[in-house]
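*Asks:* Sending over a structure as structure tokens; questions will come in a sec.
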Amino acid sequence: MTVPDRRRRIDADPESVERGLVSLVLTIVELLRQLMERQALRRVEQGTLTDEQVENVGQTLMALEDRMAELRDHFGLKPEDLNIDLGPLGPLLPYDS
Amino acid sequence: MTDPSAVWAYAVAERVPAAGLDELEGIEGGRVRAVPAAGLVAIAGDVPLSGFSEAALRRNLEDLAWLEATARAHHRVIAAVAEDGPVVPLRLATVYRDDASTAAALAEFGGQFRSALAQTRAHKEWGIKAYATRPAEPGAPDDGRGSSERGADRKSAGSGAAYLDRRRRELTAHEQARRGVVAGAELVHARLAGLADQSRLHPPQSPQLAGHRAQMLLNASYLLPDDRDGDFAAAVDELAGQHGELRIEITGPWPPYSFAGLPEAGQP
Numbered sequence: 003m004t005v006p007d008r009r010r011r012i013d014a015d016p017e018s019v020e021r022g023l024v025s026l027v028l029t030i031v032e033l034l035r036q037l038m039e040r041q042a043l044r045r046v047e048q049g050t051l052t053d054e055q056v057e058n059v060g061q062t063l064m065a066l067e068d069r070m071a072e073l074r075d076h077f078g079l080k081p082e083d084l085n086i087d088l089g090p091l092g093p094l095l096p097y098d099s
Numbered sequence: 278m279t280d281p282s283a284v285w286a287y288a289v290a291e292r293v294p295a296a297g298l299d300e301l302e303g304i305e306g307g308r309v310r311a312v313p314a315a316g317l318v319a320i321a322g323d324v325p326l327s328g329f330s331e332a333a334l335r336r337n338l339e340d341l342a343w344l345e346a347t348a349r350a351h352h353r354v355i356a357a358v359a360e361d362g363p364v365v366p367l368r369l370a371t372v373y374r375d376d377a378s379t380a381a382a383l384a385e386f387g388g389q390f391r392s393a394l395a396q397t398r399a400h401k402e403w404g405i406k407a408y409a410t411r412p413a414e415p416g417a418p419d420d421g422r423g424s425s426e427r428g429a430d431r432k433s434a435g436s437g438a439a440y441l442d443r444r445r446r447e448l449t450a451h452e453q454a455r456r457g458v459v460a461g462a463e464l465v466h467a468r469l470a471g472l473a474d475q476s477r478l479h480p481p482q483s484p485q486l487a488g489h490r491a492q493m494l495l496n497a498s499y500l501l502p503d504d505r506d507g508d509f510a511a512a513v514d515e516l517a518g519q520h521g522e523l524r525i526e527i528t529g530p531w532p533p534y535s536f537a538g539l540p541e542a543g544q545p
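Chains as they are written, first to last, in this note's numbering: chain D, 3 to 99; chain W, 278 to 545.
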């Protein structure tokens, strides 16, 4: 790829901007997915859900996981790409959840 | 000297090293010399003011290539001087206006330098990093499955409940494994800290910075008397054998970077 120097320096080529935006959005969605999953597991453990509700929650999370995997595949992202380094606060998502 | 210059200080020693400072190559290839004052010696070199004024330094420290070359030169000089006797390594970018202000700093902090030199005499610093051997598994569940398998065979009754059950077991197993490696790292540190005169825990480096995928669980420095480094190395070997869940890296010997700093130098 022969990108002119100037463009490379400001790094505004549309492809990389889009990729950055996509991984940012998917990171947030992944954060919500993990939070929902933990919340659901907690509710199931507490035993306050009916069997039907448990089944529905499970189906929903399963579908969400599949959808995330499809989106990652589509944009060529690996699971570990979906994270944000918050500096001294560490990563947004745990590395090994 | 046409270009106005400043004085870059590398380290403080008790005396002028016997090995010639002339042969050492300092920052940006500059010469290294001794600035004696108050019964101590600052190991220093002249640097052009144009590149090392406060503003220029702030800019340069952001430049990773510059930083790497400078840090290597800084370390090279300190390591050479440390072979001759105890040293207090100075923080990177300790710059004085001239010899007179360097001498004034030696006089002002003389007591602290002397006690740091006494504490680290015949001691070396060793670094230990421990990583989880299993690569950190990502937060997303079951990566083993290809996309073709996804969605197939899933809408049957009870599959949602089964999915939740499986995820709960996966997350629990993961949490237990994580606790295991953290506990292992704590045991390693406790054993090594017991052998050392002093120890310091540093924040673990992020996987990106360290260039490893594996998560760093222990990043520590230990100050050891020279006659105990064999025991230390043996203990590290033994711990590596006992803790299969960790990969243990040892670095050193280093000048006492983590132990001889002035109080206000703010160790990382």
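Just so it is clear, CB atoms sit at the ideal spot from N, CA and C, and this is done for glycine as well.
Going by Cα to Cα distance, which pick from Glu463(W), Gly316(W) and Gly521(W) is closest to leucine 478(W)?
*Replies:* Of the candidates Glu463(W), Gly316(W) and Gly521(W), the one whose C-alpha sits nearest the C-alpha of leucine 478(W) is Glu463(W).
*Asks:* In chain W, which residues lie less than 8 angstroms from leucine 43(D) when you measure between Cβ atoms?
*Replies:* Result: Leu441, Arg444, Arg445 and Leu448.
*Asks:* Output the boundary residues of the beta strand (DSSP E) element that contains alanine 350(W).
*Replies:* Alanine 350(W) -> not in any beta strand (DSSP E); alpha helix (DSSP H) instead, spanning 341 to 359.
*Asks:* Please classify arginine 308(W) as buried or exposed, where buried requires at least 16 neighbouring CB atoms within 10 angstroms.
*Replies:* Burial call: exposed.
*Asks:* Does the distance from the C-beta atom of leucine 383(W) to that of leucine 469(W) stay below 8 angstroms?
*Replies:* No. Outside cutoff.
*Asks:* Assign threonine 50(D) to one of three DSSP states: helix, strand, or coil.
*Replies:* Of the three classes helix, strand and coil, the one that applies to threonine 50(D) here is coil, per DSSP.
*Asks:* For glycine 438(W), decide whether its Cβ has a neighbour in chain D, counting only Cβ atoms nearer than 8 angstroms.
*Replies:* In the sequence as presented, glycine is not what sits at residue 438(W); that position holds alanine. Closer than 8 angstroms: yes.
*Asks:* Who are the neighbours of glycine 435(W) on chain D, taking C-beta pairs under 8 angstroms?
*Replies:* Near glycine 435(W) (Cβ distances below 8 angstroms), the residues of chain D are Glu57.
*Asks:* Considering just the uninterrupted stretch of the beta strand (DSSP E) at glutamine 482(W), what are its terminal residues?
*Replies:* Segment: none, glutamine 482(W) is in no beta strand (DSSP E) and carries neither H nor E.
*Asks:* Would you verify that the beta carbon of arginine 10(D) is, or is not, closer than 8 angstroms to some beta carbon of chain W?
*Replies:* Because the pLDDT at arginine 10(D) is just 44, under 50, the model does not fix this residue reliably, and the value given afterwards should be weighed accordingly. Closer than 8 angstroms: no.
*Asks:* Of the choices Ala348(W), Glu331(W) and Gly388(W), whose alpha-carbon is the least far from that of tyrosine 534(W)?
*Replies:* Answer by Cα proximity: Ala348(W).
*Asks:* Pop quiz: isoleucine 546(W) and alanine 288(W) are said to be a contact at Cβ under 8 angstroms. What is the actual Cβ separation, rounded to whole angstroms?
*Replies:* Residue numbering for chain W in the displayed model covers 278 to 545; residue 546(W) lies beyond these limits and cannot be assessed.
*Asks:* Considering only residues of the same chain and omitting the five flanking positions on each side of serine 25(D), which have a CB-CB separation below 8 angstroms?
*Replies:* Here the set comprises Phe77, Leu79, Asp83 and Leu84.
*Asks:* Could you give the DSSP three-state label for arginine 422(W): helix, strand or coil?
*Replies:* Low local confidence applies: a pLDDT of 45 at arginine 422(W) is under 50, so the model's placement there is unreliable, with the coordinate-based value given in what follows. Residue state, collapsed to three classes: coil.
*Asks:* In whole angstroms, what is the alpha-carbon distance linking glutamine 41(D) and leucine 88(D)?
*Replies:* Between glutamine 41(D) and leucine 88(D), the C-alpha separation is close to 24 angstroms.
*Asks:* Output, in chain order, the set of chain B residues within a Cβ distance shorter than 7 angstroms of glutamate 39(D).
*Replies:* Considering every chain present, this structure includes no chain B. Its protein chains are D and W.
*Asks:* Tell me the DSSP secondary structure of leucine 495(W) in three-state form.
*Replies:* If DSSP states are grouped into helix, strand and coil, leucine 495(W) belongs with the strands.
*Asks:* Can you find a CB in chain W that lies within less than 8 angstroms of the CB of valine 31(D)?
*Replies:* Answer no: the Cβ-Cβ gap between valine 31(D) and chain W never drops below 8 angstroms.
*Asks:* Taking CB distances under 8 angstroms as the criterion, tell me whether valine 19(D) reaches chain W.
*Replies:* It does not; no Cβ of chain W falls within 8 angstroms.
*Asks:* Report yes if the CB atom of leucine 523(W) is closer than 8 angstroms to the CB atom of isoleucine 405(W), and no otherwise.
*Replies:* No; because the gap between Cβ atoms is not below 8 angstroms, this pair is not in contact.
*Asks:* Could you check whether the Cβ of serine 476(W) sits closer than 8 angstroms to any Cβ belonging to chain D?
*Replies:* False, the Cβ-Cβ gap to chain D never drops below 8 angstroms.
*Asks:* Between the C-alpha atoms of histidine 451(W) and histidine 352(W), what's the straight-line distance to the nearest angstrom?
*Replies:* Looking at the two C-alpha atoms, the distance is approximately 41 angstroms.
*Asks:* Inspect the CB distances between the segment 384 to 399 of chain W and the segment 321 to 338 of chain W and report whether three or more fall short of 8 angstroms.
*Replies:* The answer is no - the segment 321 to 338 of chain W does not touch the segment 384 to 399 of chain W, with fewer than three Cβ pairs under 8 angstroms.
*Asks:* Residues bridged to glutamate 452(W) by DSSP?
*Replies:* BP columns for glutamate 452(W) are empty, so no partner.
*Asks:* Is the CB-CB distance between glycine 461(W) and histidine 400(W) below 8 angstroms?
*Replies:* No, Cβ-Cβ distance for glycine 461(W) and histidine 400(W) is not below 8 angstroms.
*Asks:* Return the chain-ordered list of same chain residues with a C-beta closer than 6 angstroms to the C-beta of glutamate 32(D), the five sequence neighbours on each side being excluded.
*Replies:* Around glutamate 32(D): Leu84.
*Asks:* Between the segment 60 to 70 of chain D and the segment 435 to 451 of chain W, can you find at least three pairs of beta-carbon atoms closer than 8 angstroms?
*Replies:* With a cut-off of 8 angstroms, the segment 60 to 70 of chain D and the segment 435 to 451 of chain W count as touching, because enough Cβ pairs lie within range.
*Asks:* What number of angstroms, rounded off, separates the C-alpha of arginine 446(W) from the C-alpha of alanine 497(W)?
*Replies:* For arginine 446(W) and alanine 497(W), the distance between alpha carbons rounds to 33 angstroms.
*Asks:* For serine 327(W) and chain D, any beta-carbon pair shorter than 8 angstroms?
*Replies:* False, the Cβ-Cβ gap to chain D never drops below 8 angstroms.
*Asks:* Considering only C-alpha positions, which residue in the set Ala454(W), Pro502(W), Pro480(W) and Pro363(W) is nearest to glycine 471(W)?
*Replies:* If we check each option's Cα against that of glycine 471(W), Pro502(W) comes out closest.
*Asks:* Identify whether aspartate 506(W) lies in helix, strand or coil by the three-state DSSP scheme.
*Replies:* It is helical.
*Asks:* Could you check which residue in Asn337(W), Ala315(W) and Ala290(W) has the C-alpha nearest to that of glycine 362(W)?
*Replies:* The option with the nearest alpha carbon to glycine 362(W) is Ala290(W).
*Asks:* Looking at arginine 444(W) and leucine 43(D), is the spacing between their C-beta atoms short of 8 angstroms?
*Replies:* Yes. Within cutoff.
*Asks:* Three-state secondary structure (DSSP) at isoleucine 527(W)?
*Replies:* Looking at isoleucine 527(W) - three-state DSSP - the assignment turns out to be strand.
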